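Engineer:
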Amino acid sequence: MTDRLVDPDPSAAPNMADVVAEPLWQVRLRLFWQGLRSGWSSFAESRIGLVGLGVIVLFGIMAMIQPILIGTVWEPAIYDPVLGYDAVVVEKTIVPDNEVTDPATQIDLFSARLLDPLLQVGDTLVVTVQPAPPSRQHLLGTDPLGRDVLSQLMFSTRAAFMLGIVAALVTVFIATTVGAVSAFFGGAVDTLFMRLADLIILVPFLPILIVLSALIDFQLFHLALLIGVLGGFGGTAIILKSQALSVSVKPFIDAARIAGGGHLHVIFRHIIPNVLPLSFLYMMFSVTDAISAEATLSFLGLLNIDMSWGIMIHQAWDQGYLLDPNRWWLMVPAGMSVTLLAGSFFLVGRAMDEIINPRLRRR
Amino acid sequence: MLKYIGRRTLQNVLIFIVFLSATFFLLQAQPGDISQQFLANPKITPEVREQFREQLGLGGTVGEQYLTYMGNFFTGNLGISFSEYPREVSDILAERLPRTLALFLFATLLSFGLGFQSGKFLAWRRGSKTEPVVTTVGVFFQTVFYPWFALMMIWAFAFGLGWFPIGKFLTVEKWLDAPPGVEANGVFNRMLITALIVLVGVAAVEVVGRRAGDRRRGKRITWAGRILLVGGLWIWWATVWSEQAPYALDIAWHLVLPTVTLALIGFGATMLLTRASMLETLKEDFILTARAKGVPDKVIRDKHAARNALLPVTTSLVLSLAFLIGGGVVTETVFSWPGMGATLLSAALQEDIPLTIGAFAFIAVLALIAHLIIDIVYMYLDPRIRV
Amino acid sequence: MNETAIERNGGVQSGRPILEVDGLVMHYRTKAGDVSAVEEVTFALGRGEALGLVGESGCGKTSVAMTLIRLLPDNAIIKEGSVVLDGLNVAELTDGEMRKHRWADISMVFQGAMNAWNPVYKVGDQIMEALEQHFPDMSEAEGRVRIAELFELVGLSPAMMDRYPHEFSGGMRQRAVIAMALSCNPKVIIADEPTTALDVIVQDQILKELRKIQEELGMSIIYISHDVAVIAEVSDRIGVMYAGRLVELGATDEVFPRPRHPYTYLLLSSTPSVVGPRRRLAPLEGEPPNLLAPPTGCRFQPRCPFAAEICASQDPPSQELAPGHHVACWHWEQVPELGRLEA
């Protein structure tokens, strides 16, 4: 590899000897590092981008420490997000019907007599509470089945990340390849892929997933693949194709072809590297879409998975806790998490857009 | 122009056929056939199953089955629902389509109108101080986890403030003693027709006004037309349909919160895009020309800048269609609004294949028609592609 | 009314100038400091006269034009000086008051007129918009008659008024822009790079047309261009701008053969002339200064071949060498006739 750089051009940098002595991978690494640094300094100017990145990192930490906590401080039998159980025991005073002023310490006579018909007003009753409000053992309370909400929340973060990233990688891989290939070959190939993309854009995403989930037993990984494939052949492909098209008409592509580069060589070594920054940008938006899609499907009860943010909200809604403002911990943390994580990837994408997208670039 | 519309329509029909075929082959890939579903339902006897098989041509080759399937579809024979046996799928869909259409239509118009107007004013103000706030609000509506957002809307406006009912299509107690001629679907269809007449009428009056030749006379014609239209419909409801009117109001009251909620998710994206597009337009030379001509600022904003900024925003509406339709499914589910989306979901959950496919196909038709309408509107808006 | 209105400005050649600019100073406020875009500019435009403003890009020509018509961005401030248009000080009007005078009293043919048309409206309707604004009593039918006259005047078929801008060729759009500028019988027209984007033949046609219309109607017009040849063809007098200052001002047939400012000299020697005597071309080296921190003394001094000590320390005042010929240079006597420097 190194011999390619040996090009005795006297007009180039004065310390040519040093440069030649440096292996190519080192040069590449240095250039990559420089690009990263200048990219970062532009990115750091965008406050919304930094906020987004901060939130993503926070969720990353949450996802990572949950298994550690389960192994150390948290008793698995209690804190397991799916199988754990903890009954919070509370003593309540029995008061006459319709005179409950504080539901946390009082219970009306009618409800108490359902448990034990001999009870009277003024007695104390020991009840187990599920869902239990936040306490020192359960910082975000427990769900209707007595499971720790915080542990569920953290456990679901990992799934959300995995799903988002797999879906985004698949999207970007397909979209970049499709975009580069259609831009390079044009003609029938281009028409085929672009009509396909039009078709996918036109068809409502969620109804398709609903229909498919009626036919197929969906696992998280399948869903990630499916979202990736639909996204990759859809709108992202059109955007990346237009970028690839603007690259493929540049003189260096002709130069590479004249120098004898094969189709694949030109596509993968010359076109795709120049499309990649934009691909990376659209990866961020794909993560947002994938996280929302997964949460929506599990909210609708269409996914065959154990635990996710969507399922947490689904359960709370399904069991009628929506209209109880005292049980906020069942729905608010999970809903906020989906919104925050999806929104953060979107914000990072927007901030990157201003650096990468030639149309928006300010400098 | 007609040629263009014709071509687009043909294209959309072709897309729809591709689409149906894809669903068919997906079904084919399933183990067993759909007549074997709902074996536990005692109402569906083996004879009925045999009838199904015959109707669906399940005895023949794949090719024959395909032709039967497509033929059935285009003759309006969508089969019988398993989960709501023995209702015909087409009958169920005919009942639910107007409800989805209303929700979708009002939400789209509201979200577009609201997003466009606020984006316009924000761009015009140009204050850099408001930018982070605007972006945050816009991105919030764009990326908020929609089902949760819908639940929170119910919680706040229906439960907390009590302004609106908690979901459902109508107040059952109120309808129990309804007069014999008043029936929910009939009332709702009347409402939808009224809304469509208003929309089409306003657009028609606008076009007539433009063509009037003289600008001032055109304006008078437009206003007279609007007043006549709304006044006429008002009188019609007050007299001919007076029996239905209070029940129509009940349904309308149930429609408000789902519509606003659905509109809000589209609102963020439209607002951000309008703002960006408007800021681009304001840099154009023709804005400077208009200012030099001594045109007042308000006219520059509305007639010159916003009118041009409208073009990319209209194009993007095509992309947000899929988004809004998906949101519609969630909205209908969360608000218990018995439309196509809720039907699709419950059919899919119960694996009622004929109803799932039927509902899905009609949602696709809805999307394609909406797409076509946007195309036509765009053509009307941009003289450069009018041929 | 149209006929009389068109003739209103005709015939009068003498008397008080239609436009008097006196000591105009305009700065742009930026985060990095004030940009002095227009500095102490003084000139007058006679009735029926064509004045050309010439200079490199970024030397303040367009800023002067925009100050005259008061179409400045929000961060621009007129610090000093007056712009008196037919007895009215434009620099002191509020935006709302100015709006009534734009186009009716002073109109403009824009730089890059290709994009001066709003793509979604018919060309005729866009001219009508200006008419409606300034002649509220005019009916639509009268307006159309007026636009048809204007179209004929600039050599367009009146039927074109019901077409959209994209149906016009570049030259036609430019003609329509001129028709629009004439629509409200302005006292002064500013033509900012009126033909820059056009090919040479169309450019020539349009310049001749414009000159003809100007003479016919007796309009007062200010041409702005970086192209010395264009200015020479159409102007009675020429003003040379450099770094926000008007460095030389005089009759075209005086300044062209015998420039008195070194910048004028270099600008002219860097431009080939087909009609004049043969001479060697000299490239104009360097760039105009950064107006955030203009050079001390004479602003041209860093690039000037005649620069001496005084040039760096003191700003040269404007001197009247001959009646109507003003120059701001310490060493104007040293500036040779064109083509002599290299010899």
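Protein chains in written order, with our numbering: chain A, 1 to 363; chain B, 364 to 750; chain C, 751 to 1093. Yeah, the Cβ is synthetic: ideal placement off N, Cα and C, and Gly gets one too. Everything numeric in this text was worked out from a predicted model, so none of it was measured.
1. Using DSSP with H/G/I as helix, E/B as strand and the rest coil, what is His667 of chain B?
2. Taking only beta carbons into account, state which residues of the region 27-49 of chain A come closer than 8 Å to chain B, listed in chain order.
3. Under 8 Å, Cβ to Cβ, is there at least one residue of chain F near Gln607 of chain B?
4. Mind pulling the alpha helix (DSSP H) runs of 4 or more residues that sit fully within the region 986-1020 of chain C?
5. Would you be able to state if there are at least three C-beta pairs under 8 Å between the region 222-231 of chain A and the region 171-184 of chain A?
6. Return the chain-ordered list of same chain residues with a C-beta closer than 8 Å to the C-beta of Thr754 of chain C, the five sequence neighbours on each side being excluded.
7. Please state whether the Cβ-Cβ distance between Pro609 of chain B and Phe698 of chain B is less than 8 Å.
8. Residues of the region 685-710 of chain B in Cβ contact with chain A at a cutoff of 7 Å, in chain order, please.
9. Grab the span of the alpha helix (DSSP H) containing Ile828 of chain C for me, first residue to last.
10. Grab me the residues of Pro1086 of chain C's own chain with a C-beta within less than 6 Å of its C-beta, minus the 5 sequence neighbours each way, in chain order.
11. Could you tell me which residues DSSP pairs with Leu774 of chain C in its beta bridges?
12. Please report the straight-line C-alpha distance between Gly234 of chain A and Asp198 of chain A, rounded to a whole angstrom.
13. Taking Trp700 of chain B as the reference, give the member of B:Ile663, B:Thr602, B:Ala615 and B:Asn440 with the closest Cα.
14. I believe Arg894 of chain C touches Met848 of chain C by the beta-carbon criterion, under 8 Å. Please report the beta-carbon distance rounded to the nearest angstrom.
15. At least one CB of chain B closer than 8 Å to the CB of Lys811 of chain C: is that the case?
16. Are any of the Cβ atoms in chain B nearer than 8 Å to that of Thr296 of chain A?
17. Beta-carbon of Asn1095 of chain C versus every beta-carbon of chain B: anything under 8 Å?
18. DSSP state of His222 of chain A, grouped into three classes?
19. Kindly indicate if chain A contains any beta-carbon less than 8 Å away from that of Trp511 of chain B.
20. For Pro717 of chain B, is the classification buried or exposed, using 16 other Cβ atoms within 10 angstroms of its Cβ as the cut-off for buried?
21. When the Cα of Lys483 of chain B is compared with those of B:Val568, B:Thr633, B:Arg574 and B:Tyr432, which residue comes out closest?
22. Name the chain A residues that come within less than 8 Å of Pro495 of chain B, Cβ to Cβ?
23. Given a cut-off of 8 Å, decide if Asp715 of chain B and Phe388 of chain B are closer than it, judged by their beta-carbon atoms.
24. Would you mind stating whether Ala159 of chain A and Leu220 of chain A have Cβ atoms separated by less than 8 Å?
25. What is the rounded straight-line gap between the Cα of Gly478 of chain B and the Cα of Gly52 of chain A?
26. With a threshold of 8 Å, are at least 3 pairs of Cβ atoms found where one atom belongs to the region 299-315 of chain A and the other to the region 172-189 of chain A?
27. Any beta carbon of chain C sitting closer than 8 Å to that of Leu651 of chain B?
28. Which term fits Pro1009 of chain C, buried or exposed, when burial requires 16 or more other beta carbons within 10 angstroms of its beta carbon?
29. With 16 as the cutoff for other CB atoms within 10 Å, does Ala21 of chain A come out buried or exposed?
30. The beta strand (DSSP E) that contains Val92 of chain A, what's its start and end?
31. Going by beta-carbon coordinates alone, are Gly704 of chain B and Thr424 of chain B separated by less than 8 Å?
32. Helix or strand or just coil, what does DSSP make of Leu596 of chain B?
33. Which word fits Ile590 of chain B, buried or exposed, when buried means at least 16 other C-beta atoms lie within 10 angstroms of its C-beta?
34. Would you say Ser857 of chain C reaches chain B, if we count a Cβ-Cβ gap shorter than 8 Å as a contact?
35. For the region 498-524 of chain B, which residues have a CB atom closer than 8 Å to at least one CB atom of chain A, in sequence order?
36. When you compare the CB positions of Pro1044 of chain C and Pro1052 of chain C, do they come within less than 8 Å of one another, or not?
Structural biologist: This is what the structure holds:
1. Here residue 667 of chain B is taken as the residue at index 304 of the second sequence, counted from 1. If DSSP states are grouped into helix, strand and coil, His667 of chain B belongs with the helices.
2. Contacts with chain B (Cβ-Cβ distance below 8 Å) from the region 27-49 of chain A involve Arg47 and Ile48, listed in chain order.
3. As a matter of chain content, chain F is missing from the structure shown, whose protein chains are A, B and C.
4. The qualifying runs are 1002-1005 and 1012-1019.
5. With the cut-off at 8 Å, the region 171-184 of chain A and the region 222-231 of chain A touch.
6. Start at 1 with the first residue of the third sequence, and residue 754 of chain C comes out as number 4. Because the pLDDT at Thr754 of chain C is just 37, under 50, the model does not fix this residue reliably, and the value given afterwards should be weighed accordingly. Result list for Thr754 of chain C: empty, nothing under 8 Å.
7. As a working mapping, residue 609 of chain B is identified with position 246 in the second sequence. As a working mapping, residue 698 of chain B is identified with position 335 in the second sequence. No; because the gap between Cβ atoms is not below 8 Å, this pair is not in contact.
8. Answer in chain order: Ala685, Ile688, Gly689, Val692, Val693, Thr696, Leu707 and Leu708.
9. Here residue 828 of chain C is taken as the residue at index 78 of the third sequence, counted from 1. DSSP places Ile828 of chain C in no alpha helix (DSSP H) but in the uninterrupted beta strand (DSSP E) bounded by Ala826 to Leu835.
10. In the third sequence, counting from the first residue as 1, residue 1086 of chain C sits at position 336. Here the set comprises nothing.
11. The residue labelled residue 774 of chain C in the question sits at position 24 within the third sequence. Looking at the DSSP assignment, Leu774 of chain C forms a beta bridge with C:Val791.
12. The residue you call residue 234 of chain A lines up with position 234 of the first sequence. The residue you call residue 198 of chain A lines up with position 198 of the first sequence. Gly234 of chain A and Asp198 of chain A: Cα-Cα distance of roughly 7 Å.
13. Indexing the second sequence from 1 puts residue 700 of chain B at position 337. When each option's Cα is compared against that of Trp700 of chain B, the closest is B:Ala615.
14. Here residue 894 of chain C corresponds to residue number 144 of the third sequence, with the count starting at 1. Here residue 848 of chain C corresponds to residue number 98 of the third sequence, with the count starting at 1. Not quite, the Cβ-Cβ distance comes to about 28 Å (not below 8 Å), so this is no contact.
15. Walking along the third sequence from the start, residue 811 of chain C turns up at place 61. Contact of Lys811 of chain C with chain B is not assigned, every C-beta pair being separated by 8 Å or more.
16. By 1-based counting over the first sequence, the position of residue 296 of chain A is 296. Chain B places a beta carbon closer than 8 Å to that of Thr296 of chain A, counting this residue as a contact.
17. Look at the range of chain C in this structure, 751 to 1093, and you will see that residue 1095 of chain C is not part of it.
18. Position 222 of the first sequence, counted from the first residue, corresponds to residue 222 of chain A. The answer is helix: DSSP assigns His222 of chain A an H, G or I state.
19. Within the second sequence, residue 511 of chain B is the residue found at index 148, counting from 1. Yes, Trp511 of chain B counts as interfacial toward chain A.
20. In the second sequence, the residue the question calls residue 717 of chain B occupies position 354. That one is buried.
21. Position 120 of the second sequence, counting from 1, holds the residue named residue 483 of chain B. When each option's Cα is compared against that of Lys483 of chain B, the closest is B:Thr633.
22. On the second sequence, residue 495 of chain B is found 132 positions in, with the first residue counted as 1. When 8 Å is used as the limit between beta carbons, Pro495 of chain B is near these residues of chain A: Arg47 and Ile48, in chain order.
23. Walking along the second sequence from the start, residue 388 of chain B turns up at place 25. Walking along the second sequence from the start, residue 715 of chain B turns up at place 352. No, they are not a contact pair.
24. If you number the first sequence from 1, residue 159 of chain A lands on position 159. If you number the first sequence from 1, residue 220 of chain A lands on position 220. Yes, these two residues count as a Cβ contact at 8 Å.
25. Locating residue 478 of chain B in the second sequence gives position 115, counting from the first residue. Locating residue 52 of chain A in the first sequence gives position 52, counting from the first residue. So the alpha carbons of these two residues sit roughly 24 Å apart.
26. With a cut-off of 8 Å, the region 172-189 of chain A and the region 299-315 of chain A do not count as touching, because too few Cβ pairs lie within range.
27. As a position in the second sequence, residue 651 of chain B is number 288, starting the count at 1. It does: the Cβ of Leu651 of chain B has a partner Cβ on chain C nearer than 8 Å.
28. Translated into the one-based positions of the third sequence, residue 1009 of chain C becomes position 259. Pro1009 of chain C should be labelled buried.
29. Position 21 of the first sequence, counted from the first residue, corresponds to residue 21 of chain A. Counting Cβ neighbours within 10 Å, Ala21 of chain A comes out exposed, since fewer than 16 surround it.
30. Translated into the one-based positions of the first sequence, residue 92 of chain A becomes position 92. The identity of residue 92 of chain A in the sequence shown is Lys, whereas the question assumes Val. DSSP places Lys92 of chain A inside the beta strand (DSSP E), whose first and last residues are Val88 to Val95.
31. For the purposes of this step, residue 704 of chain B is taken as the residue at position 341 of the second sequence. For the purposes of this step, residue 424 of chain B is taken as the residue at position 61 of the second sequence. Result no, Cβ atoms of Gly704 of chain B and Thr424 of chain B do not sit closer than 8 Å.
32. Taking the second sequence and counting its residues from 1, one reaches residue 596 of chain B at position 233. Here DSSP, grouped into helix, strand and coil, assigns Leu596 of chain B to helix.
33. In the second sequence, counting from the first residue as 1, residue 590 of chain B sits at position 227. So Ile590 of chain B ends up on the exposed side.
34. Position 107 of the third sequence, counting from 1, holds the residue named residue 857 of chain C. Under the Cβ criterion of 8 Å, Ser857 of chain C is counted among the residues facing chain B.
35. From the region 498-524 of chain B, only Thr498, Thr499, Val502, Phe503, Gln505, Thr506, Val507, Phe508, Tyr509, Pro510, Trp511, Phe512, Leu514, Met515, Ile517, Trp518, Phe522 and Gly523 have a Cβ closer than 8 Å to chain A.
36. Start at 1 with the first residue of the third sequence, and residue 1044 of chain C comes out as number 294. Start at 1 with the first residue of the third sequence, and residue 1052 of chain C comes out as number 302. Taking 8 Å as the Cβ cut-off, Pro1044 of chain C and Pro1052 of chain C do not qualify as a contacting pair.
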